[in-house]
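Under this note's numbering, the residues of the sequence shown are numbered 2 to 287, in order.
These notes concern the structure reproduced below.
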Amino acid sequence: MLELGIAADLIRGLAWAVRALFIGLIVLALWRGRTWKLKIFYVVVTVLAFFSPQFPQIARDREHKREYEKAKAVFDERCKTAGEKIYKTVDDVEGVLLLNQRPSASNADRYDANWPDAGLPQQFGGESYIANFLRWESNDDERRPRGALNDVPSNRPGYRYVDAKGKDGEILRYTLRRRDDPAYPHLAKTELESHPARYAVSFANLINPEDRKLWVAGTTVTVTDTQTSEVIAQATWFSFEPSLGRRAAHSTPWAYAISCPELRGGKERAPTRFFVDQVLKPKGRD
């Protein structure tokens, strides 16, 4: 804290020194000018010498503001079509079928305006995407709309199993390992020989090249009854990175994206699970 205080004092001192220098040069210009025309000329030269280095930055700031307003207008327009549409709910669902899976995001992805999964930039991918459908939810704060997902049993269970395609096209069934299993906390998986889960979850990323130039991305999640081919629910999200990818090198742009509908209170890490379990209500566990 002491170092921060000293640094702040130095910055303030330097700022006052620059102000004093500027005022001093203005006084000198007025004193040296023999006529009012010369006085005005010297003052103008002094002002330009001080402020002209800032002109390029001012121009860049204005250009960024113009681009931001254009991008924000596009984002706001896309948000008019965002939200959840639940046509039907199903109780006591034991498992779900994932028709596709979100891959794990690399650090490079979060700097890429064309990252396919940027519509939900905080969504866990890879094995965690599957595991989130299996985990229990705990919520110690009633002010939060949803809680945290973990492996501790609670009165808000996830699904008992998740079916998903393997690398060779086979259907694998994933379950949570018991805590006393030596392989815990990794998921258990077996090749499925029977029919997969009836209700399927899929997503489609909304990739519009013109939107991506403005750092606007979207995605839609669909819940389907595979026996009837009926779409029983859909949710669409859009995200927007306000700096348009201009954040400092140590900051990953998509990590600061805003979303519609707004994701907060833990929902940003597992929005797909938190939407799906409103439609397909997980069966209770003993």
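Here a beta-carbon is modelled for each residue, glycine too, at the ideal position from N, C-alpha and C.
Helix, strand or coil at Asn1 [DSSP, three-state]: This structure cannot speak to residue 1, because the chain is shown only from 2 to 287.
Alpha-carbon spacing of Leu98 relative to His65, whole angstroms: What you label residue 98 is simply residue 97 of the sequence shown in a count that begins at 1. What you label residue 65 is simply residue 64 of the sequence shown in a count that begins at 1. Approximately 44 Å between the Cα atoms of the pair.
Secondary structure of Glu366, DSSP reduced to three states: Outside the displayed range of the chain (2 to 287) lies residue 366, so it cannot be described from this structure.
Lys284 burial status per 10 Å Cβ neighbour count (16 or more: buried): The residue given as residue 284 occupies position 283 in the sequence shown. The C-beta of Lys284 has fewer than 16 other C-beta atoms within 10 Å across all chains shown, which makes the residue exposed.
Nearest-angstrom Cα separation, counted from Leu173 out to Thr191: One-based indexing of the sequence shown puts residue 191 at position 190. One-based indexing of the sequence shown puts residue 173 at position 172. Near 6 Å, if we compare the C-alpha coordinates of Leu173 and Thr191.
Any alpha helix (DSSP H) of 4 or more consecutive residues that is wholly inside the stretch 108-171: The qualifying runs are 128-135.
Strand pairing of Tyr175, partner residues [DSSP]: The count along the sequence shown starts at 1 and reaches residue 175 at position 174. Residue pairing from DSSP places Tyr175 in a beta bridge opposite Val163 and Lys190.
Per-residue DSSP class, three states only, for Trp216: Taking the first residue of the sequence shown as position 1, residue 216 is located at position 215. Coil at Trp216, not helix or strand.
Of the residues Ala132, Lys71 and Ser230, the one placed nearest Glu211, counting alpha carbons only: Walking along the sequence shown from the start, residue 211 turns up at place 210. Ranked by how close their Cα comes to the Cα of Glu211, the residues Ala132, Lys71 and Ser230 have Lys71 in first place.
Reduced DSSP category for Pro183 - H, G, I as helix; E, B as strand; rest coil: As a first step, residue 183 is located in the sequence shown; it is residue number 182 there, counting from the start. Coil, per DSSP.
Inter-residue CB distance, Arg136 and Asn156 (contact presumed, cutoff 8 Å): Along the sequence shown, one-based indexing puts residue 136 at 135. Along the sequence shown, one-based indexing puts residue 156 at 155. Beta-carbon to beta-carbon, Arg136 and Asn156 are separated by about 14 Å, too far to satisfy the 8 Å threshold.
Neighbour-count burial assignment, Lys268, 16 or more Cβ in a 10 Å radius: As a working mapping, residue 268 is identified with position 267 in the sequence shown. Result: buried.
Rounded separation between Ala132 and Trp238 - CA only: Position 131 of the sequence shown holds residue 132. Position 237 of the sequence shown holds residue 238. The C-alpha of Ala132 lies about 21 Å from the C-alpha of Trp238.
Three-pair Cβ contact test at 8 Å for the stretch 162-172 versus the stretch 80-88: Taking 8 Å as the limit for Cβ pairs, the verdict is that the stretch 80-88 does not touch the stretch 162-172.
Candidates Leu121, Pro158, Ser129 and Glu68: closest to Ala205 by CA position: Counting from one through the sequence shown, the residue named residue 205 turns up at place 204. Selection Leu121, Pro158, Ser129 and Glu68 evaluated against Ala205 yields Leu121 as nearest (Cα-Cα).
Span separating the alpha-carbon of Arg286 from that of Pro272: In the sequence shown, counting from the first residue as 1, residue 286 sits at position 285. In the sequence shown, counting from the first residue as 1, residue 272 sits at position 271. Roughly 23 Å separates the two Cα atoms.
Start-end ranges of the beta strand (DSSP E) lying completely within the stretch 249-276, minimum 3 residues: Counting only runs of 3 or more residues that sit fully inside the stretch 249-276, the beta strand (DSSP E) segments are 259-261, in chain order.
Under 9 Å between C-beta atoms of Tyr112 and Ile233: Numbered from its first residue, the sequence shown carries residue 112 at position 111. Numbered from its first residue, the sequence shown carries residue 233 at position 232. Not closer than 9 Å, so no.
Check whether Arg199 and Asp226 have beta carbons under 9 Å apart: Translated into the one-based positions of the sequence shown, residue 199 becomes position 198. Translated into the one-based positions of the sequence shown, residue 226 becomes position 225. Between Arg199 and Asp226, the C-beta spacing is below 9 Å.
Contained beta strand (DSSP E) runs [length at least 3] in the stretch 56-95, N- to C-terminal order: Runs of the beta strand (DSSP E) inside the stretch 56-95: 84-87 and 91-94.
Contacting residues, own chain, Cβ-Cβ under 6 Å from Val91 (five flanking each side not counted): To locate residue 91, count along the sequence shown from 1; it is residue 90. Taken in chain order, the residues that qualify are Leu281.
Distance, Leu100 Cα to Phe125 Cα: Counted from its first residue, the sequence shown places residue 125 at position 124. Counted from its first residue, the sequence shown places residue 100 at position 99. Distance between Phe125 and Leu100, taken at the CA atoms: about 17 Å.
Classification of Asp164 by the beta-carbon crowding that lies within 10 angstroms, buried from 16 upward: The count along the sequence shown starts at 1 and reaches residue 164 at position 163. Burial check for Asp164: the Cβ neighbour count within 10 Å reaches 16 or more, so the residue is buried.
Beta-carbon gap between Ser244 and Cys261 smaller than 9 Å: For the purposes of this step, residue 244 is taken as residue 243 along the sequence shown, with counting starting at 1. For the purposes of this step, residue 261 is taken as residue 260 along the sequence shown, with counting starting at 1. Pairing Ser244 with Cys261 gives a Cβ-Cβ distance that is not under 9 Å.
Run of the beta strand (DSSP E) containing Ala198, from where it starts to where it stops: On the sequence shown, residue 198 is found 197 positions in, with the first residue counted as 1. Element bounds for Ala198: n/a, residue is neither H nor E.
Limits of the beta strand (DSSP E) - the one that Gln235 falls within: Residue numbering aside, residue 235 sits at position 234 when the sequence shown is read from its first letter. It spans Glu231 to Phe241 - the beta strand (DSSP E) in which Gln235 sits, taken as one unbroken run.
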